[in-house]
Amino acid sequence: MRKILLILILAHLCLSRTGAQELGANYNENIGQPITEIRMLRNAGISWVRGFINVHSEFLKVEDNVIVGVDEDAIRTSSLSRQFMAAKASLGDGVKFMLSLKIPFGEDEGLVPEVGSEACEHIFTAVRMLLGSFDMGRNISLLVMGNEPMWENWNAGLQDDDADDYKAFLNEFADRLAQWKSEEGWTFEVFAGSLNRISEVQRPTIQAVMDVVNENPNVDGLDLHLHCRNINQAEDDLRLAREKYGVTKKLICTEFSMVRNLEGEGGTDHRTENLGNWGTSHGYSATMKLWEYLDMAVKNASAGNPVSYEEFQSLFESFSWYPRNWFTTFYDAFRKYDTYAITGRFSVVPNSDIYNFAPSYTAGTRLWELGGVYIPKLLGFNADGTYVPNPLVYPDFMAAKNGMLVEKVIGSQREMLLVLGKGIDSPENFTGKIVKDGRETEFVLDDGYALLTGLVPATSYQVSVVNGKGETVWSREIATAPQPNTFPLLKCTDAGGFTYIRLENLPDDAVSYRLMIDGETAGPVADIQGADVLSAEITYSDGSVETISADLK
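Residue numbers (mature numbering (1 follows the signal peptide of the UniProt record, and there is no 0)): -20 to -1, 1 to 533.
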């Protein structure tokens, strides 16, 4: 009998409101930023947080364009890595984290180092150290090898992107990651990418990455970036990945935007377009340029007198070229081609030079910021301190969330909780199915959730939702968590309307347990609002009983 007290309370966390195409927040290289936006991330109900680390510039030693070593101190003391993992700890089980590894080779001597070379080994050493730092490997759910290699491996002087060596590098990288995962008990999925604009760009590295995705069993899927010139390009890129390149594994999209359309191409620059009649009717000069209006909006927001949500929306709707509801168009394409997770720009805050953006607008400022779900830099803050949303994106973002069938899956070792979305308005009209090794079992969809029990740790299950016509309307392969030890661990996650409570790391000689709230028996899905103590009573095979508890106040 073990007398162990290990308790993890996550009662303050909120479950995200997402679904089959899971919505997330992308921070690019600013991975220290999510910790400052915990409240907004919870309120928005996102499922994923994504950022990238430039391994080459942050953690490798380079001399004369040759990788010569690893900056171990930089890895061990990285404030960005620490803050990224602090955000994960704060957001808890309800939000998954993905990390993209940016390793540009375009300026290196010989471009991509050969597998087995000292330079290549330095890269792998740095990545393994990074994943071990701040327990990152245990806390991320997905890792992407590479970030837009069709640009970042390209050497203009040589007119080459060294595709063959990059393919060999990715295959070795995936195999090393599989080995480390086995040794360390890490469970994150491995994706290759991120490929940008595959319906436009013709470079050998694109095919090389596709080959690795399709052929290497240690690669779980492909990451695409969709920075589109026209509103139909998102579907074109996704279709090509599935049909031309034959990708049957998971797709994700960690960056997407209409920035190129918003700025204009082919000699037309929308940033310098006059406000025209709209300007006159709203108190501005007809000859005021769009970029001048945006610069004014930033200054007004900084002074505490932002332009209104409605005015900002009406300005863009007055332009015939503006692609209305582009987010919905993209999201429909994501659904059509079964894109597993998508992470768009989340917020654009004041002093956003931390995002490598200028603090003000000029005629040449890139319009990345217009793709954010929240844009306090341009529209200010609400009275409660929360960000004002972006009228160009937020309504479509909310519509996508509100149409979800399954908002989120919270997996544990022997259970799985499906949080149902507003797309399932009558659970009695739907049936759940779980399949393992060809054996299918049905489960009940309750009011707001479905709880699957009796599962095996570290095991994959195919979980589906079927409508009254017998059609599968939602399906995912989901793995339960591994059991690293036999020290009982009490966990709970607040889902807003209810709390999911579970006991993990059960010893082999534990025959049963009872969950309790303030001494009263409780189920795994309960209301703990106003409660003082959460506890679990564990009965062992020798008849002894152990109680572990935690103060909720």
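The C-beta atom is built at its ideal place from N, Cα and C for all residues, glycine as well.
One thing to note: S174 has its Cβ within 8 Å of the Cβ of D203. Taking C-beta atoms under 8 Å as the contact rule, Y311 and L231 fail to qualify, at a distance of about 14 Å. Sorting L122, V199, L495 and T345 by C-alpha distance to the C-alpha of R240 places T345 at the top.
Relative to the Cα of E243, the nearest Cα in the group L432, Y493, Q13 and E349 belongs to E349.
If you check the CB distance, E128 and H205 come in under 8 Å. Judged by their CB atoms, L372 and F296 are nearer to each other than the 8 Å cut-off. If you look at N34, you'll find it in the beta strand (DSSP E) that goes W28 to N34.
For E9, the closest C-alpha among the options R118, E2 and G31 is that of G31. In the DSSP assignment, P129 is bridged to no other residue.
Between A172 and L150 a beta carbon distance of about 6 Å is seen, short of the 8 Å cut, so the two are scored as contacting. Residue range S59 to L71 is occupied by the alpha helix (DSSP H) that includes K68. Counting of Cβ neighbours within 10 angstroms places F467 among the exposed residues, the total staying below 16. With respect to P330, A277 sits apart: the two C-beta atoms are not nearer than 8 Å. Note that the C-beta distance between M109 and V29 is not below 8 Å.
The C-beta of R419 has fewer than 16 other C-beta atoms within 10 Å across all chains shown, which makes the residue exposed.
Rounded to the nearest whole angstrom, the C-alpha separation of L220 and G403 is 29 Å.
Under the 10 Å beta carbon count, A266 is surrounded by fewer than 16 other beta carbons and is classified as exposed. Leaving aside the five residues that flank T323 on each side, the residues in its chain whose CB is nearer than 7 Å to its CB run, in chain order, G4, A5, N6, W28, R30 and T234. Going by DSSP, K76 is part of the beta strand (DSSP E) stretching over K76 to K82. Counting only residues of its own chain and dropping the five nearest sequence neighbours on each side, W306 has a CB closer than 6 Å to the CB of I211 and M238. Beta-bridge partners of G4 (DSSP): W28 and T323. Restricting attention to V193, P487 and I47, the CA atom closest to the CA of A99 is found in I47. Straight-line spacing of the CA atoms in Y520 and T228 works out to 46 Å. DSSP places A172 in the uninterrupted beta strand (DSSP E) bounded by E169 to N176. By the neighbour-count criterion, in which a residue is buried when 16 or more other Cβ atoms sit within 10 angstroms of its Cβ, D507 is exposed. Rounded to the nearest whole angstrom, the C-alpha separation of Y341 and N23 is 29 Å. When S37, G117 and E87 are compared, the shortest CA-CA separation from I103 is found for S37.
Uninterrupted beta strand (DSSP E) stretches at least 3 residues long and entirely within the region 409 to 458 occur at 411 to 416, 419 to 423, 429 to 432 and 440 to 446, given in chain order. Counting C-beta pairs closer than 8 Å gives fewer than three between the region 408 to 422 and the region 468 to 485, which falls short of the contact rule. If you look at F236, you'll find it in the beta strand (DSSP E) that goes K230 to S237.
With contacts defined as CB atoms closer than 8 Å, Y493 and A530 fail to qualify as a contacting pair. In the three-state reduction of the DSSP assignment, D203 falls in the strand class, which pools E and B.
Taking 8 Å as the cut-off, the Cβ atoms of Q1 and F326 do not count as close. With respect to the 8 Å criterion, G74 and K388 are classified as neighbours on the basis of their beta carbons. For C100, the secondary structure class from DSSP, reduced to helix, strand or coil, is helix.
Just measuring C-alpha positions, the residue of M384, G352, A380 and L385 sitting nearest P369 is G352.
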